[in-house]
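Okay, structure first, notes after.
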Amino acid sequence: MSKTTQFDAIVIGSGITGGWAAKELTEKGLKVLLLERGALVEHQKGYIHEFTPPWQAPNQGLPDRELDAHDYAVQSKIERGAYSWANRQYWINDRENPYEQVKPFRWHRTNVLGGRSLTWGRQSYRWGNDDFLANARDGHGNDWPIRYADLEPWYTHVEKFIGVSGQPEGLEHFPDGHYLPPMEMTALERALKERIEAKWRERRVTIGRVANLTVPHNGRGPCQNRNICNRGCSFGAYFSSLSSTLPAAQQTGRLTIRTDSVVEAIDIDPRTKKASGVRVIDAKSGERLTFKARIVFLCASTYGTLQVLLQSRSALHPNGIGNHSDQLGRHLIDHHGVAAFGEIKGFEDRNYKGRRPTGILIPRFRNVGGQDADADFTRGYGFQGGAMRDDWTNTAAMTDDFGADMKRNIARPGKWIAFLGAFGEQLPQAHNRVTLNDKKPGNFGLPQLSFDVAYGENERKMAVDAGKQAEQMLKAAGAERVQLIPVRTLPGVSIHEMGGARMGHNPAESVLNGHNQVHGVSNLFVTDGSAMASAGTVNPSLTYMALTVRAVDYAVAQFKAGKL
C-alpha cells in the first residue's frame, strides 16, 4: 500500500455491501480505501480446498472435534454446512474473539477479505411494499422512511450485475426482478408445486431465486452444480465480493485495499460534526493508524458495524455515534422457524443429475396485506425447501447390511424426501439489543459485545402456525410419516442479522435517515443489515445491496456538489 492516508472515501468491511460500496464509489470517480479486519484471500488462488476430495483432506474430511470445540465453538455450529474443514480458514477464531451472551446467541462471522459473501446462501429476493409498510401498519417498530418504489431501480441495477437465476411469478407482495434462466425443479418438486397450488390457490411454489449463474454472465462462468459454493468458486459462478465487485473496483485504479485492519473508532471533527477519519489497529503489528476521508461507508456486517459505532465515543457522541437517543444497538431482528419433512412414494423411477445449489420457495401467504381472521400472531413467514432422493451416505448410515449386500443397497438411489423450512419474521423490540461490556476486553483490548436477545410470544405462535401449515402441505402432496423438527430456535442461527442502527424519519426513534446517513453526521453512511427497520420474510441480502448502491449514488452527488 502507498503511504497515502487521505482518501475521498473509506469503506469499512469487504463483504456483500462493502464490495458494492467500493465498486460504486470508484466507478463514480472517487479515490477509495477499503478496510478489512480479516486476512487477505485472493479469488481463485485463495480457495485452497475448492477441489480437494474428502479422501485427501485433513482427517479424511471429517470434523476435527477438538479444534472445533476449542477454536470454533460457535462457528462450527452453523446450519446447512456453511462451515466445514474445507473453509475453516474463512471463519473467525471464537477463542480469540469472545463475546458475551446474556441469553444464548449465535454470532457467526468470517475473518477474511470478502467476508460472508464467500459463504452466504445466495438466496436473492426483493422485498415488497408490504414489507416496508408493515411497521406503520401494525405499530411494531418505526415506519420505514422508504418504500419499494425507492429501491426498485436499484434492485434492478444490482440484479443485472450479480446475476440472479429465477422464475417470475407475478405476485405483488413478492416482486419479480431481472433474472437469468431458472434452475430446474426435480420431478417431485414439480409434483409438490402442482398439488399444493391446486389445493391452495393463493399459494405459489417456485424455484429459489439465487445468485448462481445458469449461463455465462459478465465474464463469469456458469454454475457447475457441485454445491460446494462455500469453499469459494473459481468459476465465479456465484456472486461474491472477490469474484465480482472488488475486481470491478480495482479495474478503475482508484481502490486501495488494506486487510488485517481492525477498526477501533470513527473520528468526528468537533467543528464540522462530520466524520473526519477512521482509527485502525494493525492486526499483525498492533500499530495504530488513522486514515482520513470526506465520506465513510460503514459496511462491517450488522454486529461489527454496531460495535464500531458504539466504540466511537467522543465529547460529541459520549455513548457512541448515532446513540443520542439510546437507539443504537436496539431492535435487533433475525428470522426464526420450524421445519417439516416426509417421504413421498411413487417417483422411484425418476432421478436428476448434479447437486443444485438452491431449493424451492413458497412466498408468504399468511397475513398478506392485513391480518388473517384465524391468525393469532402478527406478520408472517415463507418456506424454503426441496425434494430429493436420499444418497448413499444416509443409506449407509441406516443399513444393517455389510459386505456385498451393503454395496448393492448404497448403489441404488434412496427414498424421495420432501421438506419445508419456515423463515418467520421477528418483531423489532427495544429490549432485544447489543451493548459494549467495557469490563470484559476481547481481542485487541476492545470491549466485548454483549447480546441480550430472545424470541418472544409472537414468534412462538408464528412457529406453531408455520409447523401446522407445512405439515398440511406435505400431507396434501402425498407425504407419509411427516415430522416436525425445531430449526432456527436461537437468535443468530439464521445469520440474517438485522437492526440496531435502523432507518427512520425521526432521529429520536432511529439512527439513520432515508439515505442511510447517520442522523447528525451527514458524511457517515451505514448500509448493511444494521440499517433494517424490520425483518421481512425473505432473505435480506439483496435489499442490503440495493440500499448500498442507492446510498452511494446520493453520497457522490452530495460530494460533487460540495455538501460533504
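At position 60 of the sequence shown (counting the first as 1) the number is 55 in this note's numbering, and the numbers step up by one without a gap. The beta-carbon is built from N, C-alpha and C at its ideal position, and this holds for glycine as well.
Relative to Asn314, the option among Asp66, Leu507 and Leu431 whose CA is nearest is Leu431.
CA-to-CA, the gap between Ala503 and Ala129 works out to about 20 angstroms. For Arg199 and Ile191, the gap between their C-alpha atoms comes out near 8 angstroms. Assignment of Thr201 by DSSP, reduced to helix, strand and coil, places it in the strand class. Looking from the CA of Trp411, the closest CA among Asp433, Arg384, Lys434 and His426 belongs to Arg384. Leaving aside the five residues that flank Ser229 on each side, the residues in its chain whose CB is nearer than 7 angstroms to its CB run, in chain order, Gln39, Tyr42 and Glu45. Taking the Cα positions, Arg196 is about 28 angstroms away from Tyr347.
Trp15 counts as buried, since no fewer than 16 other beta carbons sit within 10 angstroms of its beta carbon.
Unbroken alpha helix (DSSP H) stretches of 4 residues or longer found wholly inside the stretch 237 to 299: 241 to 246, given in chain order.
Excluding the 5 residues flanking it on each side, Val513 has same chain C-beta neighbours closer than 7 angstroms at Ile316, Gly317, Val506, Leu507, Leu519 and Val521, in chain order. Every unbroken stretch of the beta strand (DSSP E) spanning 3 or more residues and falling wholly within the stretch 454 to 536 is given here in chain order: 475 to 482, 493 to 495 and 516 to 521. Here Ala4 is buried: its Cβ has 16 or more other Cβ atoms, across all protein chains shown, within 10 Å. Between Gly214 and Ser112, the CB-CB gap reaches or exceeds 8 angstroms. For Asn362, the number of other beta carbons within 10 angstroms of its own is at least 16, and it is reported as buried.
Counting other Cβ atoms within 10 Å of its Cβ, Pro140 reaches 16 or more and is therefore classed as buried. In the DSSP assignment, Asn130 falls within the alpha helix (DSSP H) that extends over Asn124 to Asp133. When the Cα atoms are used, Leu146 and His168 turn out to be separated by approximately 14 angstroms. The C-alpha of Asn220 is placed about 29 angstroms away from the C-alpha of Val69.
Around the beta carbon of Ile263, 16 or more other beta carbons lie within 10 angstroms, which makes this residue buried.
Assignment of Thr12 by DSSP, reduced to helix, strand and coil, places it in the helix class. Residue pairing from DSSP places Leu444 in a beta bridge opposite Leu431. Judged by DSSP secondary structure, Leu29 falls within the beta strand (DSSP E) whose first and last residues are Val27 to Leu30. In this structure, DSSP gives Arg545 a helical state, which the three-state scheme calls helix.
Note on geometry: alpha-carbon atoms of Pro242 and Ser236 lie some 8 angstroms from one another. The alpha-carbon separation between Val303 and Thr297 amounts to approximately 10 angstroms. Residue state for Arg111 is assigned as helix, using DSSP reduced to three classes. Looking from the CA of Arg476, the closest CA among Tyr233, Glu338 and Glu259 belongs to Glu338. Here Ser280 is exposed. Its C-beta has fewer than 16 other C-beta atoms within 10 Å.
Boundaries of the beta strand (DSSP E) around Ile412: Trp411 to Glu420. Distances from the CA of Gly375 to each of Pro99, Gly462 and Val275 were compared; the closest alpha carbon is that of Gly462.
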